[in-house]
Every structure is written in C-alpha cells, then in structure tokens.
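Worksheet for the structure shown next.
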Amino acid sequence: MFSYTIWILLLPLLSFLVLGLCGMKMQHKTAGLIGTCSLGLVTILSYLTAFQYFTADRVNDIYQTIVPYNFTWLPLGNLHFDMGILLDPISVMMLIVISTVSLMVHIYSFGYMHGEKGFQRYYAFLSLFTMSMLGLVLATNIFQMYMFWELVGVSSYLLIGFYYPLKPAIAASKKAFIVTRFADMFFLVGILTFGYFTDSFSFSFAGDIVMGQGTTPFIEGNMAKAVAAGGFILPTALVLMFIGGAGKSAMFPLHIWLPDAMEGPTPVSALIHAATMVVAGVFQIARMFPLWIQYAPEALSIVVWVGVITAFYAAAVACAQSDIKRVLAFSTISQIAFMMVALGVSLPGHHGALLDDHAQLGYMAGMFHLFTHAMFKACLFLGAGCIIHAVHSNEMAKMGQLRKRLPITHWTFLISCLAIAGIPFFSGFSSKDEIITACMEYSPVVGYIMTGIAAMTAFYMFRLYYGIFWGTPCKENEHHEMHEPVVMWLPLVILSAITVGVGVYTTLAGIFGWGGSFGSFVSASGKDYTIHFDMQVALTSTVVAVLSICLATYIYIGERQPIADRLYKTFPKLHRAAYKRFYQDEIWQFVTHKIIFRCVSTPIAWFDRHIVDGTFNFLAWGANEAGESLRPWQSGDVRQYAVWFLTGAVALTLILLCI
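Just so we're aligned, residue 7 is where the sequence shown starts under my numbering, counting upward by one.
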C-alpha cells in the first residue's frame with residue numbers, strides 16, 4: 007500500500023544528482039523547474055501518504071507503525087545496520103511539514119534567486135537538504151537517523167556558505183558545521199552506548215516496549231540489557247543524544263551558530279528555521295520519547311530547564327536586535343525551546359500510568375507547535391526576503407512605512423506576527439496555549455516563566471512589525487520602485503492561509519471540545535487526544551499577549567519614538583549587552599582559545615611532541631646507533647668471518663682446558 011513512499015526519498019536525490027552533475031549545462035529556468043517539479047511530486051506523495059495513513063483502520067484505536075521498506079545494510083555480529091522507511095503519526099506529520107515548506111521555498115526562490123550566479127547549484131543543494139531531512143524523519147532506526155542527521159549538517163554547510171566569495175558566509179558555514187559537529191560527537195557516543203548495551207539500534211529498546219502499561223519489560227537472558235534498563239546507562243545514553251539534538255536545535259549554549267547562519271540566502275533561512283535543521287533536535291526527543299518516558303523520566307527535567315533558559319535568553323536578545331533576520335533567528339531559538347519544554351514536562355507518574363493525560367498533553371502540544379511554527383515562521387522568513395529584496399538591506403533603519411508599498415507582504419507578515427504572539431484564531435495561539443497549560447500542570451513556576459516569555463515574544467515581534475511597516479520611512483528608499491513578483495507572494499499567501507485556517511479550526515475545537523483536531527492524529531500513545539482549552543490559562547495568555555502588543559504599539563508605531571530613545575539612554579549597558587547577545591560569542595571565544603587551546607591543548611601537544619614522540623625518537627636513535635656499531639661485524643667478508651670463528655674456537659678451547 008505504501009510501496010510508493012520510496013519515491014519520497016528518491017525524487018529529491020535524483021534531482022540533486024541531475025542538477026549537481028548537469029546543472030551547469032542547463033538554463034536557470036530549466037534547473038529551477040526540475041527542482042520544483044520533483045518537490046511538487048514529493049509533496050503530492052506526502053499528502054497521499056498522510057491521507058492513506060490517517061484514514062486506515064486502527065488497532066485498539068491506535069495508529070499502527072508501518073515499515074514499507076527495511077533491509078539489512080551492514081551486519082556486524084549481533085548488531086546490524088538497517089535501512090528503510092518507517093511510517094507513524096509523527097513521521098507522517100513531518101512529511102507534510104517538510105514537503106509543504108520546502109515546496110514553498112522552491113517556488114519562492116524562482117523570484118528571490120533570479121539572476122544569481124550558481125542558481126543551478128542552489129537548487130541542487132536545496133534538493134539534497136530536503137532529501138536529508140525526509141530521510142531523517144523516515145528512518146527506521148537510530149543509526150539510519152544519524153546518517154541522515156549528518157547529511158543535514160553537510161547540506162546546511164553548503165547552503166549557508168552559498169555566497170562563498172564573501173568571507174562572512176564562509177565563516178558562518180564553518181561555525182555552523184563545527185558547532186553542530188561538536189554536539190554530534192555526543193550524539194554518536196550516546197548511540198554507541200545504547201547499541202552496545204542493547205544489541206540494537208531500534209527506537210524501541212529492541213521492540214519490547216509497550217506504552218502505557220507502567221512496567222519495565224522482562225528481559226530474558228541478556229544481562230547487558232537488564233543492566234542498561236535498570237541503571238544509569240540508558241539515561242546517560244539518552245542525555246548524550248539530547249546534547250546532539252541541542253546542538254542541531256540551537257539550544258543554549260550551543261545556539262551560537264544559528265544567528266550567523268543568516269549569511270545564507272533568505273529562503274534557506276526559511277527552510278532551516280521552519281522545517282528542517284532546527285526541528286531535528288525536537289524530532290529526536292519525540293522519536294525516542296518511549297525510551298525517555300520509560301527509562302529516563304527524571305532526566306527529562308534537563309530538557310525542561312535547558313528549554314526554559316534558552317527561551318528566555320533568545321527572547322531577551324531578540325528585543326534588542328536591529329537586523330530583521332536576526333530577530334527572526336532568535337525568535338526561532340525561543341520557539342524551538344518552547345517545543346523542548348513541552349516534551350520535557352511530559353513526565354509520567356500520575357495514577358501509576360506511564361502516559362497519563364498530562365504526558366499526552368505535553369507531547370501533543372510540542373508536536374502541534376512544531377507544525378504551526380513551521381508554517382508561520384516560513385511565512386515570516388519569506389516575507390523578510392521580500393522586504394530585503396525591495397530595500398537591499400537587513401537593517402530596520404533602512405525600512406519603515408512599507409505597508410502600502412508591499413501590501414501582500416504586509417498583511418501576511420501581520421498574520422504571522424499575530425500567530426506567533428498567540429492571539430486567538432491564529433494557529434500559534436492553540437499550540438502555545440497547550441504548552442503553557444502543560445507547563446502549569448508540571449510546575450506553576452515553569453508555567454509563569456513560559457507565560458512571561460510568551461509576552462516577550464508578542465512584544466519583540468510587534469516591535470519588528472512596526473519597525474518595518476510603520477515607524478520612520480527611510481529617505482534612501484523613498485523613490486525606490488518596489489514590487490512583489492507572483493512567485494514570491496504566492497507562497498506567502500498559501501502559508502498565511504494555512505496559519506489562519508488551522509488557527510480558526512483549532513481555536514473553535516479547543517473552546518467547544520471538538521475532536522478531529524491535531525490531537526486526533528498525533529499523540530504520545532497513538533490514541534485520540536481531544537484538545538480542551540484551560541480557560542484560565544487561555545484568558546491569561548491572551549490578555550498578556552494583547553497587553554504586550556499594546557505596549558509595542560505605544561512605543562514603536564509613531565515616526566518618532568521618544569520612549570524607546572529614553573529607555574535606551576536609561577539602560578545603555580543592558581541594551582548593548584542584549585544587542586551583543588550577552589557576549590556569548592566572546593565567552594565561547596575565550597573558552598576555546600584561552601582555556602581549551604592554550605591551557606589544555608597546548609600542554610597536551612607539548613607532552614605528545616616532547617615526551618611521547620621524544621621517547622620513541624630516543625628508542626629509534628638508540629636502535630640506529632646500536633645497528634651502526636654492529637654493522638662492521640656484518641661486512642660480508644668470508645675470510646674475516648673465518649678468522650673470527652677460529653679465534654673464538656681457540657679462545658673457547660683454552661678456557662675449557664683451564665677449567
């Protein structure tokens with residue numbers, strides 16, 4: 007039934023190969039059409055897969071895991087590396103997210119990248135990036151997931167450094183590659199630890215986990231598995247894997263690569279931030295959620311607090327940035343942290359069950375926010391691309407009063423801002439409200455903190471909105487002609503329509519308790535989870551968001567902004583610290599250069615060079631000198647050998663006679 011799903015991976019791979027090998031001989035239009043048409047087919051197949059999967063018969067009201075393809079690629083003793091395709095609710099949901107956003111980016115790039123040198127190369131890299139992320143979410147085991155995980159890293163390196171003649175682009179791509187590789191090292195160690203003790207790379211502890219029964223499965227005849235299941239080994243392996251995910255998803259303090267990744271083309275930023283690289287860490291936690299919930303529930307608190315710190319830090323920095331892409335970049339970091347927190351607060355333990363309503367709520371809310379965020383964040387980034395395309399600058403100082411000159415971009419940007427701010431009837435409201443509800447049930451302290459961060463989100467997003475479309479007009483662009491090509495505004499309209507459509511339906515479903523919304527398709531146990539708004543939380547978060555928007559309106563809507571200027575003059579050091587990202591780059595520079603390189607690596611290098619190499623060099627020198635000393639004895643002169651033989655024989659005879 008799902009045999010066609012193999013083409014979801016093969017089509018972008020073929021597109022990459024064709025464009026990579028033959029792209030230079032093609033016209034730009036031909037190369038773009040090949041890439042876009044292949045993604046169009048992938049999108050059709052993804053929606054067909056979702057329709058067939060979610061309308062198929064359930065067993066005990068649970069969507070079944072389907073593996074249309076699986077083969078052993080590399081047998082290795084008890085371990086074996088498999089390759090295949092796995093379909094379950096979250097992988098099918100991710101197919102929709104990735105294919106939709108990627109198709110919008112492909113269409114949009116026709117206009118944004120028009121006339122760019124390397125146009126064919128750009129589409130080849132886009133195809134590789136999309137294929138890598140699709141392979142990651144469809145992986146049947148952790149090892150296959152890791153392979154595509156690394157391919158995602160390579161693809162992002164190529165796309166971030168697309169403008170490779172520019173030094174900042176090269177520096178940004180190297181930074182992204184090195185930081186994420188550093189985190190991936192922990193992921194690999196976690197995978198190997200897991201594989202060594204379980205004899206498997208399965209997502210489900212060799213397939214013997216039964217969700218919701220509240221018992222540890224009996225493990226017969228395998229001491230290593232028993233030790234891993236009952237001790238600290240599995241939690242350690244999962245935390246190591248989480249560090250890899252934290253690097254990919256730009257969690258604090260491994261977030262430093264993401265703001266610099268804005269050096270790549272803006273449509274690439276939309277793809278990285280909405281549907282591919284940064285959500286990989288969230289997907290990793292969700293994919294291994296059965297392992298976390300059964301063997302390392304206490305370790306989920308690490309995920310919670312890393313997420314809380316990251317969300318607050320990124321929101322604080324976003325309030326002071328002047329580059330519109332960097333505001334959106336820190337916004338992404340903060341929203342991804344919301345998803346991490348949602349998964350982290352999904353702790354079991356209520357009523358003796360592994361998956362009670364609270365755990366279901368947190369998991370569902372995290373995945374729901376991943377879905378809604380992908381749509382409105384892609385719309386925001388593509389809208390930012392239209393603005394940058396028009397004014398040829400990323401700085402808000404070069405913008406202002408653009409709402410009449412870029413009307414479609416203005417309205418779609420406003421819709422996305424309302425969604426991320428959490429205003430009812432826009433998609434971000436429903437998903438964020440569910441996250442805050444889950445946080446409140448986990449700990450009121452965490453719930454209040456996340457509510458405060460949601461308020462900051464509304465404030466900095468409308469600061470951005472007013473800075474671009476209202477505020478002071480830039481005289482340099484006053485007579486500059488601006489237009490919105492259809493290939494650039496059409497994706498904005500589609501993404502904003504999804505944002506509004508999903509928002510209206512889920513808001514009404516949450517108020518009236520309808521089924522059939524997101525929780526009916528994706529939940530931790532596979533069973534329906536009907537969304538019911540906690541009206542107290544919903545009203546509080548709405549009031550807080552509206553107040554934040556009103557505050558941003560009061561400060562930033564006018565052409566002159568005396569309150570903002572006064573705040574800047576009152577707290578110049580705080581503003582500068584936030585603008586400089588609280589000196590995180592400088593701290594990492596100090597840690598790597600002054601501590602790791604100078605205090606750790608340099609002494610180790612000296613020891614290696616002088617002690618280890620010196621010892622072996624001395625042994626080699628001694629052996630060489632001994633050889634040189636003995637070399638005259640091996641002259642090859644038979645007469646000399648005979649003389650020494652006779653001399654020795656006579657000497658030995660005399661010694662024996664004397665004795």
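We treat Cβ as the ideally placed atom computed from N, Cα and C, and that holds for glycine.
Check whether the Cβ atoms of residue i and residue j sit closer than 7 Å, and answer yes or no.
i                 : j                 : result
isoleucine 5      : isoleucine 569    : The requested residue 5 does not occur in the structure, where the chain is confined to residues 7 to 665.
valine 111        : alanine 380       : no
tyrosine 668      : methionine 494    : Nothing in the structure corresponds to residue 668, since the chain is present only between 7 and 665.
valine 284        : isoleucine 342    : yes
threonine 598     : leucine 498       : no
alanine 611       : valine 550        : no
phenylalanine 432 : leucine 424       : yes
leucine 109       : leucine 45        : yes
glycine 201       : phenylalanine 207 : yes
leucine 470       : valine 245        : no
threonine 146     : leucine 92        : yes
isoleucine 537    : serine 547        : no
arginine 409      : phenylalanine 475 : yes
valine 452        : cysteine 445      : yes
Let me confirm a value: residue i is counted as buried when at least 16 other C-beta atoms fall within 10 Å, else exposed. Which label applies?
i                 : result
isoleucine 197    : buried
asparagine 623    : exposed
glycine 519       : exposed
alanine 182       : buried
lysine 4          : Absent from the model: residue 4. The displayed extent of the chain is 7 to 665, so no value can be given.
glycine 117       : buried
methionine 119    : buried
aspartate 601     : For the sequence presented, residue 601 should be read as isoleucine rather than aspartate. Label assigned to isoleucine 601: exposed.
glutamine 126     : buried
glycine 227       : In this prediction, glycine 227 scores a pLDDT of 49, lower than 50, which makes its location untrustworthy; the coordinate-derived value is nonetheless stated afterwards. Under this definition glycine 227 is an exposed residue.
methionine 402    : buried
tyrosine 129      : buried
methionine 191    : exposed
aspartate 362     : buried
glutamate 634     : exposed
aspartate 266     : buried
serine 641        : exposed
glycine 628       : exposed
glycine 300       : Here residue 300 turns out to be glutamine, not glycine, going by the sequence shown. By the neighbour-count rule (16 or more Cβ atoms within 10 Å), glutamine 300 is buried.
glycine 218       : In this predicted model, glycine 218 has a pLDDT of only 38, less than 50, meaning its place in the structure is not dependable enough to derive any value.
histidine 416     : buried
methionine 370    : buried
phenylalanine 224 : Reliability fails at phenylalanine 224, whose pLDDT of 41 lies under 50, so the model's placement of it is uncertain and no value is given.
arginine 637      : exposed
lysine 586        : exposed
Nearest by alpha-carbon distance to residue i: which of the options is it?
i                 : options                           : result
phenylalanine 188 : Met446, Gly124, Ala461 and Trp263 : Trp263
threonine 316     : Tyr59, Thr338 and Asn400          : Thr338
proline 5         : Val351, Leu652, Gln366 and Phe149 : Here the chain covers residues 7 to 665 and nothing more, so residue 5 does not appear.
alanine 335       : Gly368, Ala371 and Asn400         : Asn400
alanine 390       : Tyr585, Met541, Met268 and Val649 : Met268
leucine 353       : Gly368, Val597, Leu109 and Phe344 : Gly368
valine 528        : Arg127, Gly41 and Ile102          : Ile102
leucine 388       : Asn84, His375 and Ala280          : Ala280
proline 74        : Met89, Ala583 and Glu122          : Met89
tryptophan 298    : Phe258, Ala145, Ser328 and Ala243 : Ala243
glycine 428       : Asp190, Phe465, Ile393 and Pro450 : Phe465
histidine 261     : Pro271, Ala178 and Val245         : Ala178
glutamate 484     : Gly29, Phe377, Met405 and Ala276  : Met405
phenylalanine 286 : Pro259, Ser449, Ile537 and Met345 : According to the sequence shown, residue 286 is alanine rather than phenylalanine. Nearest option by C-alpha distance: Met345.
methionine 153    : Tyr169, Ser133 and Phe87          : Phe87
isoleucine 184    : Thr146, Leu165 and Gly253         : Gly253
glycine 124       : Pro95, Tyr585, Pro171 and Trp155  : Pro171
lysine 383        : Ala321, Ile278, Val552 and Gln300 : Ile278
glycine 313       : Tyr163, Val347 and Cys43          : Val347
threonine 669     : Glu447, Ile426 and Phe475         : The shown model of the chain, from 7 to 665, leaves out residue 669, and the question about it has no answer.
cysteine 392      : Trp13, Asp614, Gly350 and Pro491  : Pro491
leucine 165       : Asp205, Leu132, Pro259 and Asp614 : Leu132
threonine 204     : Ile239, Phe295 and Met456         : Ile239
asparagine 76     : Ser9, Leu386 and Arg572           : Ser9
State yes or no: is the beta carbon of residue i nearer than 7 Å to at least one beta carbon in chain D?
i                 : result
phenylalanine 435 : Going by chain labels, chain D is absent from the structure shown, which holds only one protein chain.
Quick one: what's residue i bridged to in DSSP?
i             : result
threonine 78  : Asp88
isoleucine 68 : Val65
aspartate 329 : Glu401
leucine 93    : Ile72
### Task
Enumerate, from N- to C-terminal direction, the unbroken alpha helix (DSSP H) stretches of 4 or more residues contained entirely within the region 277–320.
286–293 and 295–301
### alpha helix (DSSP H) runs wholly inside the region 95–163, at least 4 long, in chain order
95–118 and 125–144
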